[in-house]
Each structure stands twice: as C-alpha cells, then as structure tokens.
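Shown next, in structure tokens, is the structure this report addresses.
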C-alpha cells in the first residue's frame, strides 16, 4: 500500500518528526517492509507559480504562443514560448525556470529559441511533473485551486499546490494484518512504534430521516453477507473532486474520476472499508419497477454481468451478487456493474456499505480471474465493528462536497454481539521474558518490565486488567481491528517483542561451535548411490503417481488427472515403461536405477517404504568395434555381476535363492536376495510373455531391493574409513572338486557349505564347470569347483591342505548326498 506522509501526519499527534528513511526502517523492522521511498519533492524542484500577463500568437508558427509570465522575481517577466492549446492571459501556471531538471521526462530547462523567438523557461503540464501519463495541455492553478487563493503567490514554490511536497512509502503488509491496508490502520501502528497519539478523522453522526420507504433489502446469503447498509441519497451534484481529495488519491496511486466515486475510494484508503455507489435512477431502470428492492444472493449458472472495466463476466454459483429486484447489478465485494455506475448526470444515489465473508469473496474473485482493491481487503477481512463509522464518514463527505441530501438508510444486520469481536487473552508475564529472552541494556542485560509491556499493549489498543486470582497474569482485551490477528497468548508475546524491537534483544551464540556433518544414514545412502553409478547405471526419477487398477494400490480421493490417480506399489513397473519408451525413441538400451518411495494397503492400513530398483539389458557395446559390430547382449551372469560389484563395493555378502513369485520375471531365471538372514529383494530376467507384449529384447533384467534392509546391514565403519586390508605374501595352492548333485540343490547352497567347511584356510571358491546330459544320472548335474587355499603367515603343506579339503568333501556328502567324481 502507498502511504502518504502528509496524510499520515494528519492522523497522529504530535506530528511525526522522523525522516522518511527513519520511519521506513522502523516499519520494516516491525514487519511492514517498505519496498520503496518515493520522494516527490525532487520531481519539480525549481518549479514556481507564475502568472501569465500576456499571450500573443507566435509570428512564425500557428500552433505556438508567445507569453509573458510573471514569476515574482525582481527582474522583468519571462518570455516563454508555449504550444498548449489552453494557454491564455491572466491564469496561474507552474513554471520551470532555467536550470530546473524534470526527472520524470529527463529534461533540463535551458534558454532556447523556438522558431526564432527567445524562450526562457517552460510552462508545465501534469505529465511533465510526473502526476499524469498524458496531459492535453498545461496545468492551470486557478481552475482547481480557487478554494485556496492565498496559496497562489507568484514566485512561490509550486510543489505544495501540485501535491509534490510529499513522500510516499510503498509498504507491504503481511497477510494476517488486514488493518494495515488503511491509513487509519497504519497510523495506529506508527503510533504504537513511535509513541505518538492517533488522531482519527472526526465523524459526525448522520441524521437518517424516517421518510417513506424508497428501498427494501433482501439478504438471501446471510452467512456470506452478515451486514448490509443501503443509504438513499438525493440532490447530488457530480463534478470534479476538490484538489486536496484528488491529491490524496493520486498519492495512493488511484486515478480521480468524480467526487462521488473519489469519496468511496477515499474511505477505502482511509478506513480500509470498501463502499460502492449506485446510480439510483439506473437501478430503477434495471429493476423495471417503481419500488426498488436490493438483495444479495449467489449467482445461478448462465447469468452474466458487464462490470465497470467493460468486460462481460460469465457468472458461476461461486459468485456472490448484488441484485436490484433480483437482477444482477454488481459482483459483491469485487466490482460493480457498468449499467448502474455513477456518471456526470447522476443526481440520486444508493450507497452500499457491507461486510462480506472473506472466503466467499476470495473464491468469487478467483473464479473470475478478477482482483480489485475492494476484494483485496475483503479477502483479508475488514473491521466488522467500524462499518457504521466508515459509512457515516462517507456520508459526511458527500454532504460537504456534493451537497447530498440523506433520504433514508436501511440496514440488515445478522452479526453477533459486537463484543464477540474483542476477545480477552490471558498473558503470563514470566512467559514473555522466558520466550523473548534478555534485553540489551548496554553494559548489562535485563528483562522487560511490567511497565514496558503495559505501555506496548496499551499503545496497540489493548485493555489490561490484572488476573483476580493469580499474580503476574493479565487479562488482555484485544481491540476489534486486531480481532483476526491476536488470538492466543503467543500472539501477544510476539507483538511485545515486535514493537519493543527484535534488534534490542541480546544475541546469544552457542558456547562451542562444531563443524557441520551429514548424518550416518544420509552418508550411507550417498555411498549406495555412488556404488550403483560406479557400475555404469544412470540414476532415474519417476512420478509417484501412476494409473489405477493394481492390487493393494492407494487411490487418491481428489486427483488432478484420472491417469495419475493412484500411488505406485513398486518401482520396477515404471522402469520397464521407461526402458520401453527409451527403446521406441531409437536410443540405446536404458541401464539405470531408481531410489524412491512405494505405497500400499494391507490389513493394518496404509503403509509406505523406500525401495531401490534397477533395469539393464541389451548390448552395452552395441555399434562398437570391440566385438566386430556383432550383437552380443548381456547374459544373466553378467547382469548378476553388476549387482555383485555393488555389493562388493559396499562390503556385503548376499545369498541368492531360487524364486518365482513375481509374475513379471522368468520363473527359472529369478532369484531372491538374502542379506544376514533378511530378505533383501529380487533379481531376475523379464518374463518372455511380458517381453513379447512390450516388444522388448530377450536379455532384459530387473532387480528391486529393500533400501532399509540394505542400509541397516552396511558396516558404517567400513564405509566411512575404507581401511587397508593386508594380503598374504605366501603362495596359494588349489584343488578341484567335482561331483554329481541334484538339480534341486542351488549352487549358492553348495558355495555356502564349502566356505563354511574350509573357512580356516580357504581363500576362494569358484564354479568353473556345469554339465547335464549323457552319463549324468537323471535329475542331477555335474558340477566342478576350484578351491584356492592360502595362509597369511606361512606356506601351507600338502597335509594341511588335504585335511581341510577332505573336510569339505565330507561336508558335501553329509549335507547334500553328492556323488563325488574327484
């Protein structure tokens, strides 16, 4: 909101002595950010009041005039060439003398010759001093300042007459401070911050004659419109507003229109209460009846209204309307209708002063994409208690400026008792100091005293009473204009700290500072991501919202789109779709992984967890010379090796067990992963039916892991330090072992048994041959393993190796009943 300091000084006493910069700093520190300080004094520095003594046609130009202008100096009058059509003799005008700089048009006045005639200055228009975008001619003081003849002293500074002896603060108020969208509200705030006294505008009680009824009110939506005041006014003389009123509006960034509309805008700026004036005769034409009944209701589908901005608005049931005999004439709280606007020939008025529900006006304005100064205030909530005062203030000005006669006032009021708009809050004085902390007293520190708290709260308009049954507890009665803002004890404490000044409290720094560090879980997750990236996989990100239709899905009650109305239950489905899309675009196979949350429903309700999944396939070296251009897709063991590389980097030993629970994976080429006895996840090749359905290559593999299990099993110390592990300098010896084993026995089980039996000196074990066919018993296969033995402190003897090797052989026979071949 634009705050005129001249206007503000009239609302406080004694007058403010602070500079604009000092006041801006105080307001900003108190939570009202001053975005700009507009010093209007610089706009017309050097412009004085002049009187045109003589005006003659230019000898060499039809559209120019040669004037003689008295500016009150001891020298002779100035000769100024002027091109304005409204220039004439015996008028008072603003004159920019030689040497004056006009910043709004970036012009410095210098002596010049115009078509051969000397010119010693410039007679200014409002556009040239920054008060209008365009001007048809020069500004003439006598036409607008007849009420101030004493100010028209020739040679005096023209800025007070132009309204340029002012400074404007462009102030932004927070959403909870609806009272700060008015000059009265800002004056109350400045008074609390600076210690001056508020001087509210004098409002005389307006007599409302008990004449015959000209107007009836019918409020259908009382919850959306609890109070409506309609005042019937006659004998109005519509004209230009007085100069002081136009200057006030221009300083606030509002364009003057006529005295009636300007008064309603003035009250909106002064009190924060939107008003609207209807042309009563036009209302009668719209109503098409002798009697006038005004109402408030919600719009019906198909209705429309041409608003004051000339736009035809299609209305919806969200829009609250003002009606005349049930015909829409205005959008309540947003904008009036063009058919009933006040114009130059208006003689009779109906003045609306009303309270509207903030949520209703917000929905109405948003549905139309229309926001006005009125709706901005209704959306935040206007002062419910001072409605009648703002209305009377407007009627005072209408009587004074337009000669209006008040004929009748009708009011519908469903507000609760006005006392409900002034709540009482218990404030514990000890709690104030406990939360705000000590204050800086120079060399020492201290606490806020009761007198200081009382002074601040009283300056904010609160009434204080000691609690009857408890010491150091006050009952604080909040003023009605802060009813929406001050609701709890913490709000009062915040106000005390804000008005006293947050910069006046002590800064308390920690006694010991420590360097920041990532949490252990965050570090482990970063290590996991780095491990997968190190194998050549790209990290992917998908939306958590997917198409509905799967089991255990959680479906949103109010989705933005039907095709994204459920939460994903796994990550693999999204990765398969990404692989398919990437391939359809002619790109190489997508090898990537994703970490994200999954959601599902079970017997206990809704659940979620964080998962890790990946997909890889195709020929990673496709098109390269290393394989002679031949297609060589990744096989199951190579895909498994990618996972093994990750696990090895993370220091994990993972076991693989046959699995065929996931219908999307090949039943004979799928394994469940186990880590320290916990189910880690699943790895396998995509099912042939799924690959055929989506036109995918045969060699596509997917995995999905439980991230929480993975994080819990990682040795944090190993990840954090990466300690060097010494290796043996003594030679190794190897032994081969071959046997027939049932096909129901997995290689993983055999490897585990071998490692357990030979753990004393067994360094590694590897499967190097597998055979099924001729000379192999039915239901069995031939397997061959190479075992490497090594000690870290000595060279092993044959007897030591043979003892352990026989132990391995015995263990295989005992546990799996294998038939040894070597």
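Numbering (the working numbering), first residue to last: 1 to 822. Positions of the beta carbon are idealized from the N, C-alpha and C atoms, including for glycine.
- Close-in-space but distant-in-sequence residues of the same chain around residue 746 (CB under 7 Å, 5 per side omitted): Within the chain shown, residue 746 is the residue found at index 746, counting from 1. Once the five neighbours on either side are set aside, the close Cβ partners of residue 746 are 657, 658.
- Task: Please go through the same chain and pick out, in chain order, the residues whose beta-carbon is closer than 8 Å to the beta-carbon of residue 137, but skip the five residues on each side of it.
- Result: For the purposes of this step, residue 137 is taken as residue 137 along the chain shown, with counting starting at 1. Its chain contains 84, 85, 86, 87, 125 as the residues whose beta carbon lies nearer than 8 Å to that of residue 137, once the 5 sequence neighbours on both sides are disregarded; these appear in chain order.
- Item | Status (buried if at least 16 other CB within 10 Å, exposed otherwise) for residue 558 | For the purposes of this step, residue 558 is taken as the residue at position 558 of the chain shown. Per the 10 Å Cβ criterion, exposed.
- Query: In chain order, which alpha helix (DSSP H) runs of at least 4 residues are fully inside the segment 81-147?
  - Reply: Entirely contained in the segment 81-147, the alpha helix (DSSP H) runs reaching 4 residues are, in chain order, 141-144.
- Task: Locate the beta strand (DSSP E) running through residue 244, then write down its first and last residues.
- Result: Here the question's residue 244 lines up with position 244 in the chain shown. Taken as a continuous stretch (DSSP letters only), residue 244 belongs to no beta strand (DSSP E), being part of the alpha helix (DSSP H) at 243-251.
- Where do the ends of the alpha helix (DSSP H) carrying residue 361 lie? Taking the chain shown and counting its residues from 1, the one referred to as residue 361 is at position 361. From DSSP, the alpha helix (DSSP H) with residue 361 extends over 358-368.
- Please go through the segment 375-404 and give each complete alpha helix (DSSP H) segment of 4 or more residues, from N-terminal end onward. 387-402
- Message: Can you tell me whether residue 17 is helix, strand or coil according to DSSP?
- Response: Taking the chain shown and counting its residues from 1, one reaches residue 17 at position 17. Here residue 17 sits in coil by DSSP.
- Output the residue ranges of the alpha helix (DSSP H) runs that lie fully inside the segment 736-781 and measure 4 residues or longer, sorted by chain position. 747-757
- Look up residue 465 in the DSSP assignment and give the residues it is bridged to. By one-based count along the chain shown, residue 465 stands at place 465. Paired residues: 475.
- Item | Bounding residues of the alpha helix (DSSP H) (the contiguous stretch that carries residue 43) | Numbered from 1 along the chain shown, position 43 holds the residue referred to as residue 43. First-last for residue 43: undefined, no H or E at that position.
- Item | Given 8 Å, three or more beta-carbon pairs between the segment 361-368 and the segment 277-292 | no
- Message: Pairs of beta-carbons, one from the segment 163-177 and one from the segment 31-44, closer than 8 Å: are there three or more?
- Response: yes
- Considering only the beta carbon of each residue, do residue 66 and residue 117 sit closer than 7 Å? As a working mapping, residue 66 is identified with position 66 in the chain shown. As a working mapping, residue 117 is identified with position 117 in the chain shown. The answer is yes: Cβ separation under 7 Å.
- Item | Cα-Cα separation between residue 496 and residue 489, rounded to whole angstroms | As a first step, residue 496 must be located in the chain shown, where it is residue number 496. As a first step, residue 489 must be located in the chain shown, where it is residue number 489. Each residue's Cα considered, the two are about 11 Å apart.
- Selection from 742, 114, 660 that minimises the alpha carbon distance to residue 63: In the chain shown, the residue the question calls residue 63 occupies position 63. Checking every option, the nearest Cα to that of residue 63 belongs to 114.
- Message: I need the straight-line Cα distance from residue 146 to residue 240, nearest angstrom please.
- Response: Translated into positions along the chain shown, residue 146 becomes position 146. Translated into positions along the chain shown, residue 240 becomes position 240. Low local confidence applies: a pLDDT of 49 at residue 146 is under 50, so the model's placement there is unreliable, and no value is given.
- Message: Buried or exposed, going by whether 16 or more other CB atoms sit within 10 Å of the CB of residue 250?
- Response: In the chain shown, the residue the question calls residue 250 occupies position 250. Label assigned to residue 250: buried.
- Task: Take residue 802 and list the residues in its own chain whose beta-carbon comes closer than 8 Å to its own, dropping the five residues that flank it on each side.
- Result: Taking the first residue of the chain shown as position 1, residue 802 is located at position 802. So the list is empty, once near-sequence residues are dropped.
- Item | Cβ-based neighbour list, residue 813, same chain, cut-off 8 Å, excluding 5 preceding and 5 following | Here residue 813 refers to the residue found at position 813 when the chain shown is read from its first residue. So the list reads 820, once near-sequence residues are dropped.
- Query: How long is the line joining the alpha carbons of residue 783 and residue 592, rounded to whole angstroms?
  - Reply: In the chain shown, counting from the first residue as 1, residue 783 sits at position 783. In the chain shown, counting from the first residue as 1, residue 592 sits at position 592. About 34 Å.
- Item | Buried or exposed (CB count within 10 angstroms, at least 16 for buried), residue 579 | Walking along the chain shown from the start, residue 579 turns up at place 579. Counting Cβ neighbours within 10 Å, residue 579 comes out buried, since at least 16 surround it.
- Going by DSSP, what residues sit across from residue 703 in a beta bridge? As a first step, residue 703 is located in the chain shown; it is residue number 703 there, counting from the start. Per DSSP, 614, 683.
- Task: Enumerate, from N- to C-terminal direction, the unbroken alpha helix (DSSP H) stretches of 4 or more residues contained entirely within the segment 230-310.
- Result: 243-251, 259-271, 280-287
- Item | Alpha-carbon to alpha-carbon, residue 433 and residue 447 | Walking along the chain shown from the start, residue 447 turns up at place 447. Walking along the chain shown from the start, residue 433 turns up at place 433. Taking the straight line joining both Cα atoms gives about 6 Å.
- Query: Grouping DSSP H, G and I as helix and E and B as strand, with all else coil, what is residue 813?
  - Reply: If you number the chain shown from 1, residue 813 lands on position 813. Helix at residue 813.
- Message: Can you find the residues in the same chain that come closer than 7 Å, C-beta to C-beta, to residue 646, ignoring five residues on each side of it along the sequence?
- Response: Looking up residue 646 in the chain shown gives position 646. Cβ neighbours of residue 646 beyond the five flanking positions: 531, 532, 535.
- On the three-pair Cβ rule with 8 Å, is the segment 92-112 touching the segment 184-200? no
- Is there contact here, the segment 395-408 with the segment 465-477, by at least three beta-carbon pairs under 8 Å? no
- Does the Cβ-Cβ distance between residue 173 and residue 267 come in under 7 Å? Sequence index remark: in the chain shown, residue 173 carries index 173 (1-based). Sequence index remark: in the chain shown, residue 267 carries index 267 (1-based). The Cβ atoms of residue 173 and residue 267 do not sit closer than 7 Å to each other.
- Query: Helix, strand or coil: which one does DSSP assign to residue 502?
  - Reply: Reading the chain shown from its first residue, position 502 is the one you call residue 502. For residue 502, the three-state secondary structure derived from DSSP is helix.
- Task: Report the residue from 330, 26, 399, 57 whose alpha carbon sits nearest the alpha carbon of residue 205.
- Result: Position 205 of the chain shown holds residue 205. Minimum Cα distance to residue 205 is reached at 399.
- Task: Verify whether the separation of the beta carbon atoms of residue 740 and residue 770 is less than 7 Å.
- Result: As a position in the chain shown, residue 740 is number 740, starting the count at 1. As a position in the chain shown, residue 770 is number 770, starting the count at 1. In this structure, residue 770 does not lie closer than 7 Å to residue 740 by Cβ.
- Item | Sequence-distant residues of the same chain with beta carbon closer than 6 Å to residue 754, five excluded per side | If you number the chain shown from 1, residue 754 lands on position 754. 765, 808, listed in sequence order.
- Message: For residue 793 and residue 731, I'd like the C-alpha separation in whole angstroms.
- Response: Taking the chain shown and counting its residues from 1, one reaches residue 793 at position 793. Taking the chain shown and counting its residues from 1, one reaches residue 731 at position 731. If I take the Cα positions, the gap works out to 11 Å.
- Would you mind reading off the limits of the beta strand (DSSP E) that contains residue 170? Counted from its first residue, the chain shown places residue 170 at position 170. First-last of the beta strand (DSSP E) with residue 170: 167-172.
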